[in-house]
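K.L.:
First to last, the protein sequences are chains A and B.
0 is the number of the first residue of the first sequence in numbering that gives the first Met the number 0; add one for each residue after it.
0 is the number of the first residue of the second sequence in numbering that gives the first Met the number 0; add one for each residue after it.
Beta carbons are placed, not taken as given, at the ideal position from N, Cα and C, and that holds for glycine.
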Amino acid sequence: MIAAPKPDLITVNVDGRDVSVPKGTNVIEAARQVGVDVPYYCYHPKLSISGNCRMCLVEIGMPAVDPATKAPIMDPATGKQRINWIPRPQIGCATNASPGLHVRTQTPQIKDCREGVMEFLLVNHPLDCPICDQAGECKLQEQATGYGRGYSRYIEEKNVKPKRTRLGPRVTLDDERCILCSRCIRFCKEIAKDDVLGFVDRGSYSTLTCYPGRELANNYSLNTVDICPVGALTSTDFRFKMRVWFLKQTNSIDTESSVGANTVVWSREGVIHRITPRQNDAVNDTWMADSGRELYKAVRAADRLASCRIGSAEATLDSALLTAGTLLREAAGAVAVVGSGRSSVEEQFLTRRLAESLGTSAHLVSRTGPGDGLLISADRNPNVRGALVTGLISALPPSRLEALAAAIDAGKVRAVVSVGEDLAVAGLTAAQLAKIAVVYLGTHVNATSAAARVTFPTLTVFEKSGCFVNQQFRLQRFHKAVPGPVGAIDDLAALSKLIGAAGGSAPADLHAVWRELAPAVPALREVSLAGVPDSGLVLDSAPYAALPFVEGETLHYKPAAKA
Amino acid sequence: MAVVPLERKPLTFAERTYLPQIAEGLRTTWRHLVRPKTTLEYPEQRPAVPAGYRGVPTLVKDPNGREKCVSCQLCEFVCPPKAIRITPGGIAEDSAHAHVEKAPREFEIDMLRCIYCGMCQEVCPEEAIWLQSQYSMTGYSREEMVNNKARLYELGGTLPDEHFKWDHKKAAEERGGGHH
Chain A
0 MIAAPKPDLI TVNVDGRDVS VPKGTNVIEA ARQVGVDVPY YCYHPKLSIS
50 GNCRMCLVEI GMPAVDPATK APIMDPATGK QRINWIPRPQ IGCATNASPG
100 LHVRTQTPQI KDCREGVMEF LLVNHPLDCP ICDQAGECKL QEQATGYGRG
150 YSRYIEEKNV KPKRTRLGPR VTLDDERCIL CSRCIRFCKE IAKDDVLGFV
200 DRGSYSTLTC YPGRELANNY SLNTVDICPV GALTSTDFRF KMRVWFLKQT
250 NSIDTESSVG ANTVVWSREG VIHRITPRQN DAVNDTWMAD SGRELYKAVR
300 AADRLASCRI GSAEATLDSA LLTAGTLLRE AAGAVAVVGS GRSSVEEQFL
350 TRRLAESLGT SAHLVSRTGP GDGLLISADR NPNVRGALVT GLISALPPSR
400 LEALAAAIDA GKVRAVVSVG EDLAVAGLTA AQLAKIAVVY LGTHVNATSA
450 AARVTFPTLT VFEKSGCFVN QQFRLQRFHK AVPGPVGAID DLAALSKLIG
500 AAGGSAPADL HAVWRELAPA VPALREVSLA GVPDSGLVLD SAPYAALPFV
550 EGETLHYKPA AKA
Chain B
0 MAVVPLERKP LTFAERTYLP QIAEGLRTTW RHLVRPKTTL EYPEQRPAVP
50 AGYRGVPTLV KDPNGREKCV SCQLCEFVCP PKAIRITPGG IAEDSAHAHV
100 EKAPREFEID MLRCIYCGMC QEVCPEEAIW LQSQYSMTGY SREEMVNNKA
150 RLYELGGTLP DEHFKWDHKK AAEERGGGHH
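1) Taking residue 75/A as the reference, which of 68/A, 63/A, 67/A has the closest Cα?
2) Along the beta strand (DSSP E) that carries residue 466/A, what are the first and last residues, could you check?
3) Residue 364/A and residue 414/A look like a contact to me (Cβ under 8 angstroms); what is the Cβ gap, rounded to whole Å?
4) Does DSSP put residue 518/A in a helix, in a strand, or in coil?
5) For residue 31/B, does the three-state DSSP call read helix, strand or coil?
6) Going along chain A in order, which residues have a C-beta closer than 8 angstroms to the C-beta of residue 81/B?
7) How is the beta strand (DSSP E) around residue 564/A delimited, first residue to last?
8) Applying a beta-carbon distance threshold of less than 8 angstroms, which residues of chain A neighbour residue 100/B?
9) How about residue 152/A: is its C-beta nearer than 8 angstroms to some C-beta of chain B?
10) Go ahead and pull the three-state DSSP assignment for residue 542/A.
11) Near residue 88/A, what residues of its chain come up, given a Cβ to Cβ distance below 7 angstroms and the 5 sequence neighbours on each side ignored?
12) At a Cβ threshold of 8 angstroms, is residue 552/A touching chain B?
13) Would a check of beta-carbon distances place residue 89/B closer than 8 angstroms to chain A?
14) Indicate whether at least one CB of chain A lies closer than 8 angstroms to the CB of residue 76/B.
15) Would you call residue 101/A buried or exposed, if buried means 16 or more other Cβ atoms sit within 10 Å of its Cβ?
16) Which residue or residues does DSSP assign as beta-bridge partners of residue 66/B?
17) Please compile the residues from chain A whose C-beta is within a distance smaller than 7 angstroms of the C-beta of residue 171/B.
18) On a CA-only basis, which of 330/A, 396/A, 165/A is nearest residue 340/A? Give me that one, please.
19) Residues of chain B with a CB under 8 angstroms from the CB of residue 267/A: which are they?
20) What residue ranges within the stretch 365–395 of chain A form continuous beta strand (DSSP E) runs of no fewer than 3 residues, ordered along the chain?
21) Only counting the same chain, and skipping five residues up and downstream in sequence, which positions put a Cβ closer than 7 angstroms to that of residue 6/A?
22) Indicate the three-state DSSP secondary structure (helix, strand or coil) for residue 529/A in the structure shown.
23) Please state the DSSP three-state secondary structure of residue 461/A.
24) Note down the Cα distance separating residue 517/A from residue 500/A, rounded to an integer number of angstroms.
25) Within the 8 angstroms Cβ cut-off, does residue 167/B reach chain A?
26) From the DSSP secondary-structure annotation, give me the bridge partner or partners of residue 569/A.
27) In the structure shown, what three-state DSSP assignment does residue 265/A receive?
28) Name, please, each residue of chain A whose Cβ falls closer than 9 angstroms to the Cβ of residue 124/B.
29) Under DSSP, the alpha helix (DSSP H) around residue 167/B begins and ends at which residues?
30) Could you say which of 532/A, 454/A, 378/A, 282/A lies nearest to residue 312/A if we only look at CA atoms?
31) What's the call for residue 348/A, buried or exposed, on a 16-neighbour Cβ count within 10 Å?
32) List, in chain order, every chain A residue whose beta-carbon is nearer than 7 angstroms to that of residue 178/B.
33) Would a C-beta distance cut-off of 8 angstroms place residue 389/A and residue 378/A closer than the cut-off?
34) Based on the DSSP secondary-structure assignment, which residues constitute the bridge partners of residue 286/A?
35) Return the CA-CA distance between residue 32/A and residue 51/B, expressed in angstroms with no decimal places.
36) What residues in its chain sit with their C-beta under 6 angstroms from that of residue 188/B, if we drop five residues either side in the sequence?
Structural data, given as structure tokens:
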């Protein structure tokens with residue numbers, strides 16, 4: 000095996016401290032590695048460099064050498080090589096580290112520069128902080144405090160600009176707050192590949208706007224709100240909803256597709272207010288799709304299931320379990336289990352155990368749609384690979400349950416346990432549903448819950464903890480952000496009780512499930528729940544290499560070449 | 000520890016008669032009988048509240064009738080006993096105060112929790128919340144002791160404004176120029 004090539008490291012000196020960084024690192028990132036904060040607005044690690052905010056000015060210099068002989072010129076006072084400092088400051092974002100580069104960030108000249116830049120940025124900036132949604136996570140607030148002058152010398156008049164321009168269906172622009180960093184423009188051009196934003200007018204009247212006749216409507220538009228360092232671009236959905244300092248952040252995973260974009264769920268007192276991306280350089284960088292940010296609305300939807308039901312009557316958990324147990328016993332030998340690619344790894348493991356204790360194997364439904372080549376893949380189930388890993392299924396699932404439908408028609412299946420899948424959408428007709436006894440575990444009202452003999456209300460992804468396996472076979476954890484509605488049961492507990500009703504036994508909480516899951520699943524034998532890092536853990540995908548996965552190329556995923 | 004026994008001083012003859020003590024006591028009684036009264040017939044009579052008194056927190060409007068609170072929720076954040084609860088909201092675009100953009104949809108102060116510390120008034124960037132002279136909050140139920148937005152404005156009334164910051168801004172917008 001050939002050893003991976005070592006990155007080309009070079010040594011630079013930041014504020015008197017040497018640091019080795021890979022070639023191509025800029026001064027801001029090099030300084031970050033030694034804990035030196037170089038303030039910036041327009042620079043973004045995942046976007047191109049524009050260098051227009053001028054906040055990251057630093058002094059740089061190179062060791063002096065004799066022009067003729069290339070011999071180092073020593074400084075007799077210190078006995079070290081003399082540094083030729085460039086007399087004027089340079090921007091750190093566009094200065095790449097070169098061997099021997101010396102950087103100073105704390106000199107009086109740099110302090111003056113930062114104060115000057117801050118003063119210019121604040122010239123036309125309104126005193127909007129009390130009504131600004133960015134307050135609390137605003138770079139301008141932070142850096143005015145950290146690097147500003149602390150008082151205003153400005154006695155002239157401030158510009159008035161439009162305060163609520165609609166840039167698109169989800170983004171509202173407050174022009175007065177914009178500091179013209181152009182991050183949003185570069186994002187649309189380079190990442191979303193939808194070049195609709197640009198600046199018009201000059202000087203103090205410069206304004207961010209859309210190309211005439213177009214709007215910022217692509218499915219990644221809300222990332223511009225995330226990367227806006229000030230409160231200029233605001234999310235129309237989150238606008239004036241809640242101050243960010245009240246919100247609790249919980250790491251979660253986007254369940255839209257098998258990309259498994261890492262997210263943060265922001266909630267207060269059990270109410271989710273917004274979802275934003277979480278940086279994972281191997282999965283989603285710092286981006287996520289707009290569609291994934293609206294999923295939290297399902298949590299408090301009006302059609303949420305919140306009590307066990309027998310038929311259409313509300314029932315207690317115990318009586319529902321009793322009825323379900325009776326149904327399963329009556330149909331013994333003719334019970335089918337439909338698992339879900341939306342369930343967590345742990346739930347899929349218990350679904351497998353349920354199928355085993357009923358003496359059957361589980362069906363799964365695939366859900367596909369066009370991939371966008373970025374962060375939404377063609378496989379719209381977040382966890383099909385989890386079902387493969389846990390042994391719930393051994394081949395890729397069909398999109399319609401035709402085998403199950405045929406078995407029902409033939410009378411071979413008289414009861415179906417569906418773990419979160421709407422059987423009507425998955426290809427069973429109303430007549431087929433009426434013919435069988437359905438035990439449904441789900442979160443929302445649908446055709447299956449209406450037809451079900453017994454319904455158990457379960458939790459959405461925001462209300463429970465667990466793991467998903469994304470398209471890269473990366474095991475990623477999601478955490479409980481808010482408590483479930485009164486009456487809803489944790490999926491694991493519901494499955495565990497159903498297994499009990501079916502005559503088996505299984506643990507009911509996450510950690511207990513993992514104690515049985517890890518030894519039973521070959522791919523997870525070495526894995527512990529606590530050992531899964533925030534950035535995920537890549538599992539061995541070799542056993543599944545031959546399967547024809549539907550995903551096309553996305554941001555950090557290339558499908559295996561077709562044989 | 001050493002114990003020091005003290006000899007009690009024997010009483011004098013006058014002290015033994017108790018008459019000087021009785022006279023002294025009666026003097027105090029008579030003095031209070033003839034002095035002007037210091038008690039009040041509360042609640043018919045009410046004391047004058049000194050300036051700067053920290054009474055019940057209230058919300059105020061500016062002299063033009065605009066509600067000053069913009070629901071920045073700093074008071075909610077700073078409130079030590081967490082007595083304040085704000086539901087923020089936007090201002091409709093057809094409102095006369097649309098340029099302020101944000102106002103509380105609901106504003107509740109739980110007077111069973113409030114400790115009258117005045118931090119909300121101190122932190123308010125819009126000078127919208129004031130602890131005024133109202134000192135008596137009573138009620139028969141817990142719900143009654145929670146002041147909602149309507150009640151807070153009723154208690155607060157209107158206070159003079161020095162800045163008219165938002166009005167200046169609106170005028171500049173209509174003029175098409177800048178503002179200070």
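P.N.:
Straight from the coordinates:
1) Here residue 75/A is taken as the residue at index 76 of the first sequence, counted from 1. Nearest option by C-alpha distance: 63/A.
2) For the purposes of this step, residue 466/A is identified with residue 467 of the first sequence, where counting begins at 1. Here the beta strand (DSSP E) through residue 466/A covers 465–468.
3) Numbered from 1 along the first sequence, position 365 holds the residue referred to as residue 364/A. Numbered from 1 along the first sequence, position 415 holds the residue referred to as residue 414/A. Contact doesn't hold; Cβ gap of about 18 angstroms is too wide.
4) Your numbering for residue 518/A matches position 519 in the first sequence. Correct three-state label for residue 518/A: helix.
5) Residue mapping note: residue 31/B aligns to position 32 of the second sequence, counting from 1. In the structure shown, residue 31/B sits in a helix (DSSP, three-state: H, G or I).
6) Taking the second sequence and counting its residues from 1, the one referred to as residue 81/B is at position 82. What residue 81/B touches in chain A: nothing, since even the nearest Cβ is about 11 angstroms away.
7) Any property of residue 564/A remains undetermined from this structure, which presents chain A solely from 0 to 562.
8) Sequence index remark: in the second sequence, residue 100/B carries index 101 (1-based). Within 8 angstroms Cβ-Cβ: 130, 162, 163, 239.
9) In the first sequence, residue 152/A corresponds to position 153, counting from 1. Chain B contact via Cβ: absent.
10) Position 543 of the first sequence, counting from 1, holds the residue named residue 542/A. Residue state, collapsed to three classes: helix.
11) As a working mapping, residue 88/A is identified with position 89 in the first sequence. Answer for residue 88/A: 56, 57, 58, 108, 109, 112, listed in chain order.
12) Start at 1 with the first residue of the first sequence, and residue 552/A comes out as number 553. Taking Cβ atoms only, chain B never reaches closer than 8 angstroms to residue 552/A, which makes this a no.
13) To locate residue 89/B, count along the second sequence from 1; it is residue 90. So, interface residue.
14) Residue 76/B sits at position 77 when you count from the first residue of the second sequence. Yes, because at least one Cβ of chain A sits closer than 8 angstroms to the Cβ of residue 76/B.
15) Walking along the first sequence from the start, residue 101/A turns up at place 102. Residue 101/A comes out buried.
16) Indexing the second sequence from 1 puts residue 66/B at position 67. Note: residue 66/B sits in a beta bridge opposite 60/B.
17) As a position in the second sequence, residue 171/B is number 172, starting the count at 1. Chain A residues near residue 171/B: 159.
18) The count along the first sequence starts at 1 and reaches residue 340/A at position 341. Selected option, being the one with the closest Cα: 396/A.
19) As a working mapping, residue 267/A is identified with position 268 in the first sequence. Those do not exist, as residue 267/A stays about 11 angstroms from chain B at its closest Cβ, beyond 8 angstroms.
20) DSSP runs (the beta strand (DSSP E)) wholly in the stretch 365–395 of chain A: none.
21) Taking the first residue of the first sequence as position 1, residue 6/A is located at position 7. The residues are 21.
22) In the first sequence, counting from the first residue as 1, residue 529/A sits at position 530. Residue state, collapsed to three classes: helix.
23) In the first sequence, residue 461/A corresponds to position 462, counting from 1. Three-state DSSP puts residue 461/A in a helix.
24) Looking up residue 517/A in the first sequence gives position 518. Looking up residue 500/A in the first sequence gives position 501. So the alpha carbons of these two residues sit roughly 24 angstroms apart.
25) Counting from one through the second sequence, the residue named residue 167/B turns up at place 168. Not an interface residue.
26) It is not possible to answer for residue 569/A, since the shown part of chain A is limited to 0 through 562.
27) On the first sequence, residue 265/A is found 266 positions in, with the first residue counted as 1. Looking at residue 265/A - three-state DSSP - the assignment turns out to be strand.
28) Within the second sequence, residue 124/B is the residue found at index 125, counting from 1. 126, 128, 129, listed in chain order.
29) By 1-based counting over the second sequence, the position of residue 167/B is 168. Unbroken alpha helix (DSSP H) run through residue 167/B: 164–174.
30) Here residue 312/A is taken as the residue at index 313 of the first sequence, counted from 1. When each option's Cα is compared against that of residue 312/A, the closest is 454/A.
31) Numbered from 1 along the first sequence, position 349 holds the residue referred to as residue 348/A. Using a 10 angstroms sphere on the CB of residue 348/A, the tally of other CB atoms reaches 16 or more, which defines it as buried.
32) Reading the second sequence from its first residue, position 179 is the one you call residue 178/B. Chain A residues near residue 178/B: 156, 157, 159.
33) Within the first sequence, the letter at position 390 stands for residue 389/A. Within the first sequence, the letter at position 379 stands for residue 378/A. Cβ distance not < 8 angstroms, so residue 389/A and residue 378/A don't count as in contact.
34) If you number the first sequence from 1, residue 286/A lands on position 287. Residue 286/A is not bridged to any residue.
35) As a working note, residue 32/A is residue 33 in the first sequence. As a working note, residue 51/B is residue 52 in the second sequence. The alpha-carbon atoms of residue 32/A and residue 51/B are separated by roughly 52 angstroms.
36) One cannot answer for residue 188/B here, as it falls past the ends of chain B, which runs 0 to 179.
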